[in-house]
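S.K.:
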Amino acid sequence: MNNESQPTLLPGYNPGSPEVACSPISLDELEQIKASAYFNDEDASFLRLSYDVLKDQAEELVKAWRAIIAQHPHLSVYSKDLRTGETDNEYSEGVGRRFAQWVLDTARAEYDQKWLDYQYEIGLRHHRTKKNQTDRAHTAPHIRARDLIAFSAAIVVPMRPYLEKGGHSPEMVNRMLDAWWKSMILQVTLWSQPYVNPGDF
Ligand code: HEM
C-alpha cells in the first residue's frame, strides 16, 4: 500500500479536495522545472526506493527537523500563539502530522495534477495567503521566503543516517540523497510562487 495517500485520516492534509488551490502552472511546465532541477526518472526511482526505508521513520525525521527549528528563535517564533507568546502545541502537532505525511508523499514521487496543486497549496500555507487557516491558529501570519527556502538544507542534510538504516550500499544511499535534494529544490521552487511578483515566476 505505498501509492495511496490517506487524506481523510489526517485533518488538513487534503490533496485532491476542492479547498486546495489550483496550481497556476501546467504539468508541462512542471516537466521544465524538473529538467532545470536536473531531476529525471532515475531520481523518481531512488525516491521510491527511499519510501520503504523512511516509512517507519517519518515521525522521527519530523522530530529532528523540529529540534533544528527549536534552536533558532527566528524559526520557532512561527508556531507561537501571538495572543500568549507561547508555542501553540495543538497547531504544532497537527502540522507535524501533515509534515510526516509529506515525507511519504515526496518518496512516492507521483507527479500528477493532484500533487502539483498541493505543492501550490503548501506554498500558500507558508505565505500570508493561507497560513493559520487550516488549523484556525493565531500564530505569525507569514513565514518569510528566506527561511522557507534556506531550510531546504536543514531538511535534506540530516536525512543521511535515516536513509542509511535501510541497509543499502553507500552508493545507493548517495543516490537517494541526491534525489531528495533535487525533489526538495523542485518543491521549494513551486512553494515560492506566492512569494514572487506576478509575472516573475
Ligand atoms: C523547505 C523546508 C520546509 C519543508 C519541507 C516544510 C514542509 C511543510 C509541510 C509539508 C507542511 C504542511 C503542509 C500541509 O498543510 O499539508 C508545512 C507547514 C508549515 N510549516 Fe513548513 N516546511 C519547510 C519550511 C518551514 C520553515 C522554515 C518554517 C518555519 C520555521 C515552517 C513552518 C511551518 C508552519 C508553521 C506550517 C503550518 C502552516 C499553516 O498554518 O498551515 N516550514 N511545512
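Each residue of the sequence shown is one higher than the last, beginning at 5 in this note's numbering. Positions of the beta carbon are idealized from the N, C-alpha and C atoms, including for glycine.
Could you tell me whether the Cβ atoms of Asp20 and Thr138 are closer together than 7 angstroms?
M.R.: Looking up residue 20 in the sequence shown gives position 16. Looking up residue 138 in the sequence shown gives position 134. In the sequence under discussion, the amino acid at residue 20 is Gly, which differs from the Asp named in the question. No, they are not a contact pair.
S.K.: In the DSSP assignment, find the alpha helix (DSSP H) that holds Met180 and state where it starts and stops.
M.R.: For the purposes of this step, residue 180 is taken as the residue at position 176 of the sequence shown. From DSSP, the alpha helix (DSSP H) with Met180 extends over 174-195.
S.K.: Looking at the unbroken alpha helix (DSSP H) that takes in Asn215, where does it start and where does it end?
M.R.: Here the chain covers residues 5 to 205 and nothing more, so residue 215 does not appear.
S.K.: What residues are listed by DSSP as bridge partners for Asp85?
M.R.: Against the sequence shown, residue 85 aligns to sequence position 81. Answer by DSSP bridge pairing, in chain order: Thr143.
S.K.: How long is the line joining the alpha carbons of Val99 and Gln105, rounded to whole angstroms?
M.R.: Mapped onto the sequence shown, residue 99 falls at position 95. Mapped onto the sequence shown, residue 105 falls at position 101. So the two alpha carbons sit approximately 10 angstroms from each other.
S.K.: Using a 10 Å radius around the Cβ and a threshold of 16 neighbouring Cβ atoms, would you call Val200 buried or exposed?
M.R.: To locate residue 200, count along the sequence shown from 1; it is residue 196. Flag for Val200 reads exposed.
S.K.: What are the uninterrupted segments assigned as beta strand (DSSP E) that are 3 or more residues long and contained completely in the region 12-56, given in chain order?
M.R.: Listed in chain order, nothing qualifies, since the region 12-56 has no complete beta strand (DSSP E) run of 3 or more residues.
S.K.: Closer than 7 angstroms by C-beta to Pro198: which residues in its own chain qualify, once you throw out the five before and the five after it? Chain order, please.
M.R.: In the sequence shown, counting from the first residue as 1, residue 198 sits at position 194. Cβ within range, chain order: Gly127, Leu128, His131, Thr133.
S.K.: By Cβ distance below 8 angstroms, which residues in the same chain neighbour Ser80 in space, the five residues on each side in sequence not counted?
M.R.: Within the sequence shown, residue 80 is the residue found at index 76, counting from 1. So the qualifying residues of the chain are Ile73, Ala74, Thr91.
S.K.: The ligand HEM and Asp151: does any heavy atom of the ligand fall closer than 6 angstroms to the residue's C-beta?
M.R.: The residue you call residue 151 lines up with position 147 of the sequence shown. Asp151 Cβ: within cutoff of the ligand HEM.
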